[in-house]
Amino acid sequence: MEQFALDAVESVTTRPRETYDSFVVDPLTPLLGAEVTGLDLSRELTSEQEKEVKQAFLTHHVLAFRDQHLTPEDHKRFAALFGPLHPVALPAEGSDPYILEISANKNSRMIAGNGWHADGTADAEPSLGSMLHITRVPEVGSGGDTLFANMHLAYEMLSPAMKTFLDGLTAVHDGALPWLAQGQTPPPEYDVPRNEHPVVARHPDTGRKILFVNAPYTSHITQLSRSESAAVLEMLYTHIARTPLLHCRVRWQPNTLVFWDNRCVQHHAVWDYFPHSRYGRRVAIDGTRPRA
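Per my numbering, the sequence shown runs over residues 43 to 334.
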């Protein structure tokens, strides 16, 4: 590994670990993700618990809570601690406008999230994060893990020359691209978002830089020719997908809730359990416009 990449990793792993008084945090890797034990999310959190969960979220970016028996109202109440709820783009008729059902079975021909991405980056204000509560896992064996990748480190592990080149560039994010990639067109009732965001943004809470491009939504880098843009984006996507140090893996168990920071993490829902089924509900939280 290049020395500048090692330096970026070491700067994170040598930071002192935080301790929490109201629950236990076990990191999934030294660089990303943690399991939280000692909290019952079906109950309202105390002010101290709320403060510490928010700190753990900013530190680890991905939090997994096991054995959580939640009603939809419990789920939404916990999410609302972090901000207004983000409505589902195309809610099913009669469904809760803030709960997206995540379901796959033997009749599925595709699933949402089967590839590295961040959610809804074509929106003017992409979501702060998502809370996915899985209640049913594949019936036979394991499978259906979700991989996460740290976009702070994805930027920090680049060479100084590449970081300088990317700083100040912008890219167009187009909500029609995932539909077109499947040979479909967006439904007429869908107001397709299309927005330009910095290639390198800053986390609104911590100020750390983030690599903010992803394959499903990013159309092109505005300041480059189409061929130059395609080459640079492909290099960045390969970096994200093939650098194991950026990643952590969550193995789902029934009644697990995972909360990830959509601003600085990409995720990949692995579809390796066909024809078996999986079911859960996702609630997202409003974010802000990405800033350089």
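Positions of the beta carbon are idealized from the N, C-alpha and C atoms, including for glycine.
- By the Cβ neighbour-count rule, P286 is exposed, with fewer than 16 other Cβ atoms within 10 Å of its own.
- Counting every other CB atom within 10 Å of its CB across the protein chains shown gives P317 a total below 16, marking it as exposed.
- Going by C-alpha positions, M204 is about 41 angstroms away from P139.
- Contact between the segment 300 to 311 and the segment 157 to 171 is present: 3 or more CB-CB pairs across the two stretches fall below 8 angstroms.
- If you draw a 10 Å sphere on the C-beta of D233, you find fewer than 16 other C-beta atoms in it, and that means exposed.
- R250 sits in coil when the DSSP states are folded into three classes, being neither helix nor strand.
- Note on geometry: alpha-carbon atoms of W294 and N149 lie some 21 angstroms from one another.
- When Cβ pairs closer than 8 angstroms are counted between the two stretches, the segment 242 to 253 is seen not to touch the segment 212 to 223, the count staying below three.
- Counting other Cβ atoms within 10 Å of its Cβ, L123 stays below 16 and is therefore classed as exposed.
- A residue is called buried once 16 or more other Cβ atoms fall within 10 Å of its Cβ, and R305 is buried on that count.
- For the pair P296 and V179, the CB atoms are nearer than the 8 angstroms cut-off.
- With contacts defined by Cβ atoms closer than 8 angstroms, V325 and H102 do not form a contacting pair.
- Between H175 and the set G185, M277, L278 and A121, the nearest pair of CA atoms involves A121.
- Following the DSSP letters along the chain, one finds R331 in no alpha helix (DSSP H), marked with neither H nor E.
- The criterion of a C-beta distance shorter than 8 angstroms is satisfied by A191 and I282.
- Distance check between L87 and each of V214, R119 and F207 places R119 closest, using alpha-carbon atoms only.
- Taking each of G125, P126 and I141 in turn and checking the Cα distance to L132, the smallest one comes out for I141.
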